[in-house]
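Under the UniProt record's numbering, the residues of the sequence shown are numbered 1 to 358, in order. Backbone N, C-alpha and C fix where the C-beta goes; we use that ideal spot for every residue, glycine too. Take a look at the structure set out below.
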Amino acid sequence: MQKAIALLDLDYFYAQCEELRKPEIKGKPVVIVMPSLRENSGAIATANYLAREQKIKSGMPLQLAKKLASKDTVFINADKEYYKEISSKVFEIVDFMCDKVEQVSIDEAYMDLTSPLGFEKAEDTCTKIKEKIKSELGLTCSIGLSTNKFLAKLASNEKKPDGLFILRESVEKFLEKKKIRELFGVGPKFEKLFKSNGVNKIGDIKKHSKKELIDWFGEAKGVDFHNFAFGIDERGVEPNREKKQVSRMITLKSDSRDFEYIFEQIKLLSDLVFIEASKIHKKFKTGSLVIVNSNFETITKSKSKTEINSLQRLIEIEEQLLRDFLDESLSKVRRVGVRISNFEEGKGLQKTLFDFKK
């Protein structure tokens with residue numbers, strides 16, 4: 001079975017997060033700054049594409065970036081806790097839609113989408129992940145899909161922003177003209193060494209033997225660089241994320257305050273999150289009801305118990321939270337969600353609605 005490996009990369013992530021909470025800056029050049037202790041000093045963490053058009057890029061000193069920036073450029077100090085919170089929400093979605101996820105940074109993750117249904121199924125999953133992240137969180141991402149991690153990473157850079165690029169055929173031709181610094185593991189030092197030996201493109205590596213590469217870079221790197229030049233990468237996707245919460249949301253067909261109608265959706269969502277908790281063998285102590293009202297305001301109500309080990313108990317908690325909301329608010333419900341959190345290890349979860357219906 002041919003492997004299907006994808007790399008998901010959130011577009012200009014820090015800046016996109018700021019656009020999300022400050023809609024008025026969307027459409028302007030946005031630059032995220034890592035400030036220093038000195039006044040008016042720091043370095044650029046990232047910039048959106050409009051700022052990059054002004055030659056502003058990551059790692060650049062703040063003072064230089066300000067010289068390059070247009071008058072409407074927005075400079076914002078990095079808020080890493082906020083970005084971590086958004087990242088966590090993104091990868092909850094990814095975790096739900098893919099069983100094998102290896103998060104490699106706050107804004108990147110590999111996914112193993114290998115399936116008997118082939119690349120078509122993997123492509124469909126990538127499309128659905130992109131759509132779900134955009135509809136639920138308002139964020140765009142770029143995904144590269146190929147047969148291994150190295151190729152997936154390169155493919156993810158091909159259609160930014162908000163793209164999906166599939167690299168399955170003509171791999172060696174694709175690699176030939178790529179700059180040597182795009183090779184995984186090549187930084188400034190190795191780039192200089194490659195170029196001193198006449199290697200400027202990935203395709204140039206094939207002119208040299210594996211032994212030569214080992215002589216230049218040592219055995220491990222030399223073998224890797226040789227394999228990468230031919231599109232070979234044996235590294236697997238290694239899941240490394242521990243889920244801290246599971247949530248599911250749905251948009252109602254029309255805004256409503258009808259208890260029975262909303263409660264029916266809550267029961268279905270409760271079953272979905274309970275199934276997920278069962279899959280990862282987690283007990284949980286907190287159930288939350290998340291509501292987006294007709295004014296697009298988000299209201300979250302939570303209740304914690306010593307242990308919530310049955311679907312029926314979760315539904316009872318969600319029912320009470322819904323009643324509380326309807327008693328306290330006159331607004332209609334546009335979207336409704338169920339979230340469980342405060343996990344602990346355990347296999348004592350009782351059956352789901354679907355199990356009872358069998």
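In the structure shown, the three-state DSSP call for ASN77 is strand. In the DSSP assignment, PHE284 falls within the beta strand (DSSP E) that extends over 282-293. Shortest Cα-Cα distance from MET97 to any of ASN148, SER247 and ILE299 involves SER247.
Runs of alpha helix (DSSP H) with 4 or more residues, each lying fully within the region 63-120, are found at 80-97, listed in chain order. When rounded, the separation of the alpha-carbon atoms in PRO35 and LYS66 is 13 Å. In the structure shown, ILE317 falls within a helical segment according to DSSP collapsed to helix, strand and coil. Exclusion of the five residues before and after LYS221 leaves GLY185 as the residues of its chain whose Cβ lies within less than 7 Å of its Cβ. Nearest neighbour of SER341 by Cα position, chosen from ILE44, GLU307 and LEU322, turns out to be GLU307. About 6 Å separates the beta carbon of SER302 from that of THR286, a gap short enough to meet the 8 Å contact definition.
By alpha-carbon distance to ILE250, the top candidate from ALA229, MET1 and ARG339 is ARG339.
Around the C-beta of GLU19, 16 or more other C-beta atoms lie within 10 Å, and the residue is accordingly described as buried. Under a 10 Å Cβ-count criterion, MET1 is classified as exposed, with fewer than 16 other Cβ atoms of the shown protein chains found around its own Cβ. For ASN77 and ILE32, the gap between their C-alpha atoms comes out near 6 Å. Between the region 289-305 and the region 198-216 there are fewer than three C-beta pairs closer than 8 Å, too few to call the two in contact.
ILE291 counts as buried, since at least 16 other C-beta atoms from the protein chains shown sit within 10 angstroms of its C-beta.
A residue is called buried when at least 16 other Cβ atoms come within 10 angstroms of its Cβ; GLU264 does not meet this threshold and is exposed. Two segments are said to touch when three or more pairs of C-beta atoms, one from each, lie closer than 8 Å; by this definition the region 230-242 does not touch the region 312-327. Per DSSP, the continuous alpha helix (DSSP H) segment holding VAL273 begins and ends at 259-279.
Annotation: the continuous beta strand (DSSP E) that includes VAL33 extends over 30-35. Per DSSP, ALA4 lies in no beta strand (DSSP E) segment and is marked neither H nor E.
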